[in-house]
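*Asks:*
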Amino acid sequence: MVELALPKNSKVAKGKVWPKPEGATNTREYRIYRYDPDSGENPRWDTYTVDMDQCGPMVLDALIWIKNNVDASLAFRRSCREGVCGSCSMNIGGRNTIACTKGSDEFSGVIAISPLPHQPVVKDLIPDLTDFYAQHAYVEPYLQTKTPEPQKEWRQTEEDRQQLDGLYECILCACCSTACPSYWWNGDKYLGPAALLQAYRWIADSRDELTGQRLDDLDDPFKLYRCHTIMNCAQVCPKGLNPAEAIANIKSLMVERET
Ligand code: SF4
Ligand code: SF4
Ligand code: FES
698 MVELALPKNS KVAKGKVWPK PEGATNTREY RIYRYDPDSG ENPRWDTYTV
748 DMDQCGPMVL DALIWIKNNV DASLAFRRSC REGVCGSCSM NIGGRNTIAC
798 TKGSDEFSGV IAISPLPHQP VVKDLIPDLT DFYAQHAYVE PYLQTKTPEP
848 QKEWRQTEED RQQLDGLYEC ILCACCSTAC PSYWWNGDKY LGPAALLQAY
898 RWIADSRDEL TGQRLDDLDD PFKLYRCHTI MNCAQVCPKG LNPAEAIANI
948 KSLMVERET
């Protein structure tokens, strides 16, 4: 589904086949993208064989096993190991997802793992998400109000709170934005599904009082309107969210305020 953006002028070399673990009878092969921009060498696909009897069931377990037992130089991000931090996002078997909740047994044959596509690579499976985070900051993802602060708390009805379901659960893994063709081609101007889902999360919040300003900030031919409803974003989101729907809701609010 998604293609990997290679560093300019580079070919991906075949790479190294690392030794199989001695005496292992239950093994799996992982083909992993290796690239160190500082080395001056081309990227390559290295092949590792993992002893599945000594390793946990998730793809992240296999990466940690490889790092601990075969090749300490392999670089990847991870933190929570339970699908809440968004750090371990990568492309596994041709699809963006998070490695800690994806079982190796969900794939057949050799499992190919590469960084999130169409982003610069810091090293191996670590993409440079500087622009992605700047886009998140652009939508000012925090409560903003004009009326004086209440003595206790900003209150919300149960129904208003429910408007945030399907939005607040985002873990900012970037799987959706880096699977979006519009983001691939216009990532410097289009905010992308993750940032727009967050923008809508605050537009939809009954306590926030800057809705008009938030819509003004998105009312631009590129920031919002590059979404062509291709739906890759919703298909890959590991939390089952639907950024395309959030984007459509923002567009509807834009139309409503014009009429
Ligand atoms: S629906 Fe919009 S945001 Fe989602 S992948 Fe398609 S163009 Fe990108
Ligand atoms: S919407 Fe889903 S895929 Fe996109 S950043 Fe949030 S959790 Fe990740
Ligand atoms: S390690 Fe936190 S989401 Fe995978």
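Per this note's numbering, residue 698 is the first one in the sequence shown, and the count goes up by one each step. From the three backbone atoms N, C-alpha and C, an ideal C-beta is built for every residue, glycine too. Source: prediction; values computed, not measured.
#1: Judging by CA-CA distance, which residue of Cys785, Ala772, Phe804, Leu912 is the nearest neighbour of Trp899?
#2: Within its chain, find whatever has a CB closer than 6 Å to the CB of Val756; leave out the 5 residues flanking it on each side and keep chain order.
#3: Could you spell out the range, first to last residue, of the beta strand (DSSP E) harbouring Asn788?
#4: Curious, which full-length beta strand (DSSP E) runs of at least 3 residues does the stretch 702-768 contain?
#5: Under 7 Å from any heavy atom of ligand 3, by CB: list those residues in chain order, please.
#6: Let me know the alpha helix (DSSP H) ranges lying completely inside the stretch 782-847, each 4 residues or longer, listed in chain order.
#7: Would you mind reading off the limits of the alpha helix (DSSP H) that contains Tyr935?
#8: Going by beta carbon distance, what residues of the same chain come within less than 7 Å of Lys764, once the five residues before and after it are set aside?
#9: Please state the DSSP three-state secondary structure of Asp857.
#10: Span of the alpha helix (DSSP H) holding Ile944?
#11: Nearest to Ile947 by alpha carbon, out of Lys820, Asp914, Ala721, Asp828?
#12: What's the call for Asn706, buried or exposed, on a 16-neighbour Cβ count within 10 Å?
#13: Given this structure, state the Cα-to-Cα distance separating Ile927 from Leu938, to the nearest angstrom.
#14: Go to Pro878, then tell me how far its alpha helix (DSSP H) extends in each direction, as first and last residue.
#15: For Ile761, verify whether its CB is less than 6 Å away from any heavy atom of ligand 1.
#16: Could you give the distance in angstroms between the alpha-carbon of Tyr880 and the alpha-carbon of Arg774?
#17: Which value, in whole angstroms, describes the spacing of the CA atoms of Pro718 and Ile810?
#18: At a cut-off of 6 Å, is Pro940 close to ligand 2 when judged by its beta-carbon and the heavy atoms of the ligand?
#19: Using C-beta distances below 8 Å, list every residue in its chain close to Thr854, excluding the 5 sequence neighbours before and after it, in chain order.
#20: Let me know if Ala710 comes out buried or exposed under the rule of 16 or more other beta-carbons within 10 Å of its beta-carbon.
#21: Work out the CA separation of Pro847 and Val699 for me, nearest whole Å.
#22: Would you mind sorting Glu955 into buried or exposed? The rule is 16 or more other CB atoms within 10 Å of its CB.
#23: DSSP on Ile900, reduced to helix/strand/coil?
#24: Could you compute how far the alpha carbon of Val807 sits from the alpha carbon of Gly720?
#25: Could you tell me how far apart the beta carbons of Tyr730 and Asp821 are, in whole angstroms, since I believe they sit closer than 8 Å?
*Replies:* Put simply:
#1: Walking along the sequence shown from the start, residue 899 turns up at place 202. The shortest C-alpha separation from Trp899 is found at Leu912.
#2: By one-based count along the sequence shown, residue 756 stands at place 59. Closer than 6 Å at the Cβ level, and outside the excluded window around Val756, lie Ile789, Ala796, Lys799, Ser801.
#3: The count along the sequence shown starts at 1 and reaches residue 788 at position 91. Unbroken beta strand (DSSP E) run through Asn788: 786-789.
#4: 724-731, 741-748
#5: Leu757, Arg775, Ser776, Cys777, Arg778, Glu779, Gly780, Val781, Cys782, Gly783, Ser784, Cys785, Ile795, Ala796, Cys797, Thr798, Ile868, Cys870
#6: 827-835
#7: Walking along the sequence shown from the start, residue 935 turns up at place 238. Strictly speaking, residue 935 in this sequence is Pro, with Tyr absent from that position. Segment: none, Pro935 is in no alpha helix (DSSP H) and carries neither H nor E.
#8: In the sequence shown, the residue the question calls residue 764 occupies position 67. These residues qualify, in order along the chain: Leu771.
#9: The count along the sequence shown starts at 1 and reaches residue 857 at position 160. Helix, per DSSP.
#10: Taking the first residue of the sequence shown as 1, we reach residue 944 at position 247. Residues 940-955.
#11: Numbered from 1 along the sequence shown, position 250 holds the residue referred to as residue 947. Cα-wise, what sits closest to Ile947 is Asp914.
#12: On the sequence shown, residue 706 is found 9 positions in, with the first residue counted as 1. Low per-residue confidence applies at Asn706: pLDDT is 49, beneath 50, and the placement is therefore not dependable, though the value from the model is reported in the following sentence. By the 10 Å Cβ count, Asn706 comes out exposed.
#13: Looking up residue 927 in the sequence shown gives position 230. Looking up residue 938 in the sequence shown gives position 241. Cα to Cα, the separation comes out at about 15 Å.
#14: As a working mapping, residue 878 is identified with position 181 in the sequence shown. That run of the alpha helix (DSSP H) goes 878-883.
#15: One-based indexing of the sequence shown puts residue 761 at position 64. Checking every heavy atom of ligand 1 against the Cβ of Ile761, none is found closer than 6 Å.
#16: Position 183 of the sequence shown, counted from the start, is the residue given in the question as residue 880. Position 77 of the sequence shown, counted from the start, is the residue given in the question as residue 774. Going from the Cα of Tyr880 to the Cα of Arg774 covers about 22 Å.
#17: The count along the sequence shown starts at 1 and reaches residue 718 at position 21. The count along the sequence shown starts at 1 and reaches residue 810 at position 113. Rounded to whole angstroms, Pro718 to Ile810 spans 20 Å at the Cα level.
#18: To locate residue 940, count along the sequence shown from 1; it is residue 243. Yes.
#19: For this step, residue 854 is matched to residue 157 along the sequence shown. Hits under 8 Å: Ser903.
#20: Translated into positions along the sequence shown, residue 710 becomes position 13. By the 10 Å Cβ count, Ala710 comes out exposed.
#21: Position 2 of the sequence shown, counting from 1, holds the residue named residue 699. Position 150 of the sequence shown, counting from 1, holds the residue named residue 847. Because Val699 sits at a pLDDT of 48, beneath the cut-off of 50, its placement in the model cannot be relied upon, and the point is left open.
#22: In the sequence shown, the residue the question calls residue 955 occupies position 258. When all chains shown are included, Glu955 counts as exposed.
#23: Start at 1 with the first residue of the sequence shown, and residue 900 comes out as number 203. DSSP places Ile900 in helix when its eight states are reduced to three.
#24: On the sequence shown, residue 807 is found 110 positions in, with the first residue counted as 1. On the sequence shown, residue 720 is found 23 positions in, with the first residue counted as 1. Straight-line Cα distance between these residues: approximately 20 Å.
#25: As a working mapping, residue 730 is identified with position 33 in the sequence shown. As a working mapping, residue 821 is identified with position 124 in the sequence shown. Confirmed, about 7 Å.
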